[in-house]
Structure formats: C-alpha cells, structure tokens
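Here the protein sequences come in this chain order: A and B. Just so we're aligned: the first sequence equals residues 2 to 115 in this note's numbering. Just so we're aligned: the second sequence equals residues 99 to 211 in this note's numbering. The beta-carbon is built from N, C-alpha and C at its ideal position, and this holds for glycine as well.
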Amino acid sequence: DVKVTQSSRYLVKRTGEKVFLECVQDMDHENMFWYRQDPGLGLRLIYFSYDVKMKEKGDIPEGYSVSREKKERFSLILESASTNQTSMYLCASSLPAGGLDTQYFGPGTRLTVL
Amino acid sequence: GQQVMQIPQYQHVQEGEDFTTYCNSSTTLSNIQWYKQRPGGHPVFLIQLVKSGEVKKQKRLTFQFGEAKKNSSLHITATQTTDVGTYFCAPASRTSGTYKYIFGTGTRLKVLA
C-alpha cells in the first residue's frame, strides 16, 4: 500500500512564525504536490515537484516556498505565517505512467495561525 | 487559465435515491480524474477518464466523459449511507512534462437514512 505521511495532524502557530510542513511518501513516486483545502473552494494547488530539487508553482504559491532535497520528502514552508494561511494542507504523490497519475493523499495537516 | 465548475455544491438525498454531480470545464480536457473524500478524511482516487464519450462503471457508480471532453459526470444509483462525502472532479493540465490536476470545488453529498 502506498503511504503518504504528514508530520502533524494539527498545528497552531502565531502570526509571523516560520512554519514547516513535512510530507514523506514510501513508494518512490516522482511527483509530489502540496494543496490547501478551504470550505467552498475545493483543493487548490500551491506547489508541485516532479523530481528532486525541481519545483513548479501551482495556482496559489504566494506566501509559500517548498523544498525537495530527497525523492521521498517534500516540505512546504510558510516564511512568515499569516492568519489567511489558516487552512487544511494536503500533500499528495503520484507516479507518472503515461498520463495515469493517480494521486495518493496524506491525512492532512490542519494549520491554525493566530 | 482553466476553470472548473462543479455542481451542485451540496446535495441531500434520501437513502435509495439517485445522485448526480456534474463537472464543467472552460477548455477541452485531456483526461479527468474523480476523487471521494469522506468526512474527516483525505481524497481517495476513484477513476480516470481519457476518451471522448467514455463511460465507466464501478458497482453503483457511473462515470461519464462528455463527447467534446469539456464536461464529466458521476452518477450514483440507489445511494447508501456509505456514499456520504465530497466528490471532486480533477481535470488534467499538462505542464513541464508532467500532469497537474485542477480540482473542482466539490459536491458534498449527504444521505439521509
């Protein structure tokens, strides 16, 4: 079974803090993704990576950065957390296979910024 | 950019009734995926559609890709309480040699016993 794990289920931080969200997958997947999920807005792509040290901006990258030093690990960084970054953050991974890229999601991290 | 509209946003049905959610795109799609997210859970892949007019079935679930590849639908026959959750369509967009998926806003289904 593919397993995608995220470092925390719940996280509370203060405005201005630097926040690290970690994601690890154990299936040697090349693609990894970070989404945020907000009520009524669905899942919005923040960043994704298709190889180690490679990254691409998604639809809402502002205020975020990412790091992918190892294939299995993809980190999302909030340089200076703000209250509008309070959200559920979901990590996913996929193995590109001729276009059939089933995404496997982690359990999510619910981040609250006070 | 590509816009994805999913309707309805919410649907309450009596157990045993049918349910349909629709996904509409502003552009022609190469393929589309569907996911289900149970309350408190994370999205789980259901199916992928690739061909124009394609219809796929999984037990009581029927997925359809429009002839023009601009829309898709998910139909559940005789809903059960286990069908409760939010259903997302996710059309593919190819960039940098790989696919990224633009998720729809989702349809939240509630099944009343």
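| Item | Value |
| --- | --- |
| Under 7 Å between C-beta atoms of GLN79(B) and ALA166(B) | Since the first residue shown for chain B is 99 and the last is 211, residue 79(B) is missing from the structure and cannot be characterised. |
| Under the three-state DSSP convention, the category GLN135(B) falls into | strand |
| Cβ of GLY64(A) within 7 Å of any chain B Cβ | no |
| Neighbour list for GLN104(A) in chain B, Cβ cutoff strictly below 9 Å | GLN131, TYR133, PRO141, PHE143, ALA188, TYR199 |
| Any C-beta of chain B under 7 Å from that of LEU22(A) | no |
| Three-state secondary structure (DSSP) of THR110(A) | strand |
| Cβ of ARG17(A) within 7 Å of any chain B Cβ | Inspection of the sequence shows that residue 17(A) is occupied by Gly rather than by Arg. GLY17(A) does not count as touching chain B. |
| Classification of ALA82(A) by the beta-carbon crowding that lies within 10 angstroms, buried from 16 upward | buried |
| Close Cβ partners of GLN135(B) (< 6 Å) along its chain, the five nearest in sequence each way excluded | PRO141, GLY183, THR184 |
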